[in-house]
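*Asks:* Here you go, one structure.
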Amino acid sequence: MTYFSVRMRASSNGRHISGAERIVPAERVSVTCAQLAQRALDHPKGVAAETHLTVEALDPEAIRRVPALAVEVAECAHPGEAQQVIRALLAPLTPHADALVRDTFAARDMRGAMLVCAGTGARLEPDRERGVRVSHVDAVDATCTTVAPGKDAAREALVLSSKVAAHPDVLAELCISDDPDYTTGYVAHAGTYTRIPNIKPVGSPAGARAFLVREGADTAALFRYLEREPVLVRVPSQEDAQ
Ligand code: PML
Ligand code: MG
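Anchor point for the sequence shown: position 174 equals 173 in numbering that gives the first Met the number 0, and the numbering is continuous, going up by one each time.
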């Protein structure tokens, strides 16, 4: 079967508003375009002035399937506690954990993620404002469900982070949503996606993603994997969990 990558990105006056994507069979392409276009209009950051949709046929042989990360929750009552959890998870992996956390909270409106070398703390993306935009990823079952629902931020983040973590050169990911009212973030590391509630105060525009990368990694190959290579993630269904 031929699958299509359907991608949406929306902006207003050059400011990134929203981005989302699916991998779907031909008969789902038109409804998926409509859903993603509507999503750009409904975003809490404001109605997008410009929305771009891309539909691209994928080579079925090139699609990789990877397992989803295991999900855990670190119960944090406030952002100070969340900072302690983040630092405890990242400090064993890099001497630059403090700078990584500070820079991720300081970032605004990035279309993509930061790529940070664990050994040197250096940023590895050629265009720092854009970052690396993870793309060509969806959940396995999203290709056969009858209705692709609206935004389920936690599920989409699990799918994205499972693709990222499946690359051997990625040691960890830190994510703070840039949606002002979405205050649950996460750290992905060693096969686990640790959800972190109250990672930032309600209304804060702070937020970005950072991928911590093994020193000496082939950065060009990693970019290609993250941005272009199609991956379907096996996310356990609700029934499997019962
Ligand atoms: C985003 O806004 O794209 C990031 C969402 C993070 C979701 C974290 C969670 O709820 O598990
Ligand atoms: Mg966002």
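For glycine and all other residues, C-beta sits at the position ideal for the given N, C-alpha and C.
(1) For L40, which residues in the same chain have their Cβ closer than 6 Å to its Cβ, ignoring the five residues on either side in sequence?
(2) Comparing alpha-carbon positions, which option in Y224, T193, V115 lies nearest R127?
(3) In the DSSP assignment, find the unbroken alpha helix (DSSP H) run with I198 in it and report its ends.
(4) Just to confirm my understanding: we take V169, look at its own chain, exclude 5 residues before and 5 after, and list those with CB closer than 8 Å. What are they?
(5) What residue range does the alpha helix (DSSP H) around Y224 cover?
(6) Mind listing, in chain order, the residues whose beta carbon lies closer than 6 Å to a non-hydrogen atom of the ligand MG?
(7) Could you check if H51 is buried or exposed, using at least 16 other CB atoms within 10 Å of its CB as the buried criterion?
(8) Taking 6 Å as the limit between beta carbons, can you name the residues of its chain near R8, skipping five residues before and five after?
(9) Are L89 and A205 close, meaning C-beta to C-beta below 8 Å?
(10) So, V133 versus L68, is the Cβ gap smaller than 8 Å?
(11) Pairs of beta-carbons, one from the segment 85-99 and one from the segment 117-127, closer than 8 Å: are there three or more?
(12) Does DSSP classify C32 as helix, strand or coil?
(13) Compute the Euclidean distance between the alpha carbons of G130 and A25, then round it to the nearest angstrom.
(14) According to DSSP, is A187 part of a helix, a strand, or is it coil?
(15) Ordered along the chain, which non-local residues of its own chain (more than five positions away) have a Cβ less than 7 Å from that of S4?
(16) Can A187 and V158 be called in contact, C-beta distance under 8 Å?
(17) So what does DSSP say about P125, is it helix, strand or coil?
(18) Given a cut-off of 8 Å on the beta-carbon distance, is the pair N245 and H77 in contact?
(19) Would you kindly report the start and end of the unbroken beta strand (DSSP E) that includes I85?
(20) Within the 8 Å Cβ cut-off, does D151 reach chain D?
(21) State the Cα-Cα distance for the pair E74 and S29, rounded to the nearest angstrom.
(22) Mapping DSSP to helix, strand and coil, what is P179?
(23) Closer than 7 Å to a non-hydrogen atom of the ligand PML - does that hold for the CB of C174?
(24) Any heavy atom of the ligand PML within a distance shorter than 7 Å of the CB on R194?
*Replies:* This is what the structure gives:
(1) V46
(2) V115
(3) Segment: none, I198 is in no alpha helix (DSSP H) and carries neither H nor E.
(4) V163, F210, L211, V212, R213, L221
(5) 218-227
(6) S176, D177, D178
(7) Burial call: exposed.
(8) G18, H51
(9) no
(10) no
(11) Under the Cβ criterion (8 Å, minimum of three pairs), the segment 85-99 counts as touching the segment 117-127.
(12) helix
(13) Going by the C-alpha atoms only, they are around 31 Å apart.
(14) strand
(15) E20, I22, E55, L57, H135, P229
(16) It is not a contact, given that the beta carbons lie outside the stated cut-off.
(17) coil
(18) With the chain covering only 0 through 241, there is no way to say anything about residue 245.
(19) Segment 78-89 is the alpha helix (DSSP H) holding I85; no beta strand (DSSP E) there.
(20) The structure shown contains no chain D, having only a single protein chain.
(21) 40 Å
(22) Coil, per DSSP.
(23) For the ligand PML, at least one heavy atom lies less than 7 Å from the Cβ of C174.
(24) yes
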